[in-house]
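Chains as they are written, first to last, in our numbering: chain A, 1 to 224; chain B, 225 to 274; chain C, 275 to 427. Working notes, beginning with the structure itself.
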Amino acid sequence: MGFALICFISGLIGGLVLAPADYQQGDSFRIIYIHVPAAWMSLFIYTFMAINAAILLIWRVKISEIIIRSSAILGASFTFLALATGSIWGKPMWGTWWVWDARLTSELILLFLYLGFIALQSAFEDRRIAAKTGAVLVLVGVVNIPIIKYSVEWWSTLHQPASISKLDAPSIHIDMLIPLLLMAIACKAYFFSVMLIRCRREILAYESNTAWVKETLIRNGDHT
Amino acid sequence: MIEWLAMGGYGKFVWPAYAIWLVVIVYNYVSAKADEKKYKHELIKRLRLK
Amino acid sequence: MNAQRKKRLAIVSLIILGMGASAGLILTAFEKNLLYFYSPTQVSKGEAPVGKPFRIGGIVKINSVARVSDGLKVSFDLTDNKQTVTVNFEGILPDLFREGQGIVANGKLDNTGIFQASEVLAKHDENYMPPEVAEALANSESDIEMPHSYGTQ
């Protein structure tokens with residue numbers, strides 16, 4: 001978390017203070033520093049969950065079950081942030097809060113996939129059945145990921161194409177790019193540290209009847 | 225400073241976007257931490273009762 | 275890998291392949307509806323719906339914007355560097371609206387071939403740079419380059 005915090009702070013200073021204003025959009029483009037990393041994370045977390053869903057379904061690895069359960073809320077949060085900040089950015093620039101173009105619609109479907117997974121987790125008494133059903137949902141929904149990514153190339157959309165599709169020649173000036181990359185790294189580090197906190201809690205729940213949990217808890221509990 | 229806050233006239237869009245972002249990011253971290261702590265206390269209580 | 279796992283692997287692969295294939299079919303079938311806007315070339319070829327509202331996207335032609343009378347009415351030419359369609363609009367334009375800028379207009383074609391827009395949205399491109407850099411670039415190449423996203427698909 002410390003590393004994430006350092007990247008967040010330097011990324012925010014870089015993005016909000018040091019980076020120059022855009023030639024077309026002025027200072028409103030600064031929303032990019034939260035919007036784009038959030039959108040990247042929404043795709044990354046879903047892909048990460050889908051891989052773990054496949055591992056869970058094929059090899060029955062319990063930690064994968066814990067990982068997808070701990071990631072979903074973060075994925076939903078980042079998807080919500082991408083949509084909300086994008087909407088606030090769209091109003092002054094495009095002239096509208098929302099359009100039903102392929103990019104925005106497929107990102108909204110992604111939010112519903114995350115929310116559907118979360119709803120499924122509380123719908124079942126048995127956590128293991130809940131996790132397996134959820135894993136199937138995640139795998140079914142993974143088809144949406146390439147659709148989101150390539151929607152701006154396959155169809156005409158109001159949303160512009162990617163600025164950083166090729167690393168050698170991004171369509172964004174270097175002074176504006178560095179804070180963006182810092183924010184992206186920060187978001188990733190943040191995701192993994194919050195996910196691990198959630199994993200720890202889930203593992204405790206799974207193992208609450210084992211000797212090691214009892215021992216460590218009682219021992220540490222005396223100090224707190 | 226005031227000029228910076230105005231964001232070239234886009235302050236009323238930029239700052240709410242960052243505010244929403246900050247709330248969600250902080251909330252996720254705090255709630256994960258609180259959840260873990262609460263569950264640990266629950267477990268300890270349960271184990272002590274036995 | 276034992277037989278059980280192989281079977282599960284097969285099922286998981288089938289789910290993904292099946293979903294991919296059906297999504298592909300659905301998206302191809304609804305291709306037209308997924309296009310957010312038509313280009314002026316498509317409109318002049320008659321590919322856009324007639325008598326129904328649709329969206330048209332392109333670049334506002336340089337020196338074509340004319341504000342009519344009271345200032346809220348505006349008329350301009352929309353181009354994809356191949357074909358041009360004249361657009362009439364009355365209302366508030368987005369901040370990014372300017373000559374040489376990509377826009378998307380929602381409205382209908384009238385009998386005279388003029389597009390009567392009820393809404394105009396700005397479509398910005400994927401380039402971000404400081405004003406000084408943009409100026410330097412503009413000096414070195416005077417032509418406006420057409421972003422690939424406005425070409426016919």
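Ideal Cβ positions, reconstructed from N, Cα and C, are used throughout, including at glycine. Remember, predicted model here, so these are calculated numbers, not experimental data.
What is the DSSP secondary structure of residue i, reduced to helix, strand or coil?
i, result
"phenylalanine 363 of chain C", "strand"
"tyrosine 23 of chain A", "coil"
"aspartate 351 of chain C", "strand"
"glutamine 390 of chain C", "strand"
"alanine 396 of chain C", "strand"
"threonine 85 of chain A", "helix"
"threonine 358 of chain C", "strand"
"isoleucine 330 of chain C", "strand"
"isoleucine 118 of chain A", "helix"
"valine 378 of chain C", "strand"
"leucine 383 of chain C", "strand"
"arginine 272 of chain B", "helix"
"isoleucine 164 of chain A", "coil"
"lysine 214 of chain A", "helix"
"asparagine 209 of chain A", "coil"
"alanine 243 of chain B", "helix"
"proline 146 of chain A", "helix"
"tryptophan 94 of chain A", "helix"
"phenylalanine 29 of chain A", "helix"
Compute the Euclidean distance between the alpha carbons of residue i and residue j, then round it to the nearest angstrom.
i, j, result
"alanine 76 of chain A", "isoleucine 148 of chain A", "15 Å"
"isoleucine 118 of chain A", "phenylalanine 78 of chain A", "14 Å"
"phenylalanine 237 of chain B", "isoleucine 88 of chain A", "6 Å"
"lysine 261 of chain B", "isoleucine 268 of chain B", "11 Å"
"isoleucine 197 of chain A", "leucine 273 of chain B", "26 Å"
"threonine 315 of chain C", "lysine 347 of chain C", "25 Å"
"arginine 69 of chain A", "alanine 54 of chain A", "14 Å"
"tryptophan 228 of chain B", "isoleucine 366 of chain C", "27 Å"
"asparagine 355 of chain C", "isoleucine 388 of chain C", "18 Å"
"valine 142 of chain A", "glutamate 364 of chain C", "43 Å"
Do residue i and residue j have their CB atoms nearer than 8 Å?
i, j, result
"methionine 403 of chain C", "tyrosine 206 of chain A", "no"
"alanine 102 of chain A", "tryptophan 59 of chain A", "no"
"serine 28 of chain A", "methionine 93 of chain A", "yes"
"proline 37 of chain A", "aspartate 175 of chain A", "no"
"valine 361 of chain C", "serine 349 of chain C", "yes"
"asparagine 144 of chain A", "serine 193 of chain A", "no"
"glycine 232 of chain B", "glycine 26 of chain A", "yes"
"serine 313 of chain C", "glycine 332 of chain C", "yes"
"asparagine 380 of chain C", "serine 392 of chain C", "yes"
"alanine 130 of chain A", "alanine 123 of chain A", "yes"
"leucine 74 of chain A", "methionine 195 of chain A", "yes"
I'd like to confirm the pairing. Which residues does DSSP put opposite residue i in its beta bridges?
i, result
"isoleucine 172 of chain A", "C:Tyr402"
"leucine 57 of chain A", "Note: leucine 57 of chain A sits in no beta bridge, so no partner."
"alanine 340 of chain C", "C:Ser349"
"tyrosine 255 of chain C", "Outside the shown range of chain C, which is 275 to 427, sits residue 255 of chain C, and nothing can be said about it."
Flag residue i as yes when its Cβ comes closer than 7 Å to any non-hydrogen atom of the ligand SAM, and as no otherwise.
i, result
"tyrosine 46 of chain A", "This structure lacks the ligand SAM; in fact it carries no ligand of any kind."
Self-check item: Contact list for the segment 68–95 of chain A against chain B, Cβ threshold 8 Å
Solution: Within the segment 68–95 of chain A, the residues whose Cβ lies closer than 8 Å to some Cβ of chain B are Ile73, Leu74, Ser77, Phe80, Leu81, Ala84, Thr85, Ile88, Trp89, Lys91 and Pro92, listed in chain order.
Quiz item: When you check each C-beta in the segment 281–304 of chain C against every C-beta of chain A, which residues fall closer than 7 Å?
Solution: Within the segment 281–304 of chain C, those residues whose Cβ lies closer than 7 Å to any Cβ of chain A are, in chain order, Arg282, Leu283, Val286, Ile289, Ile290, Met293, Gly294 and Ala297.
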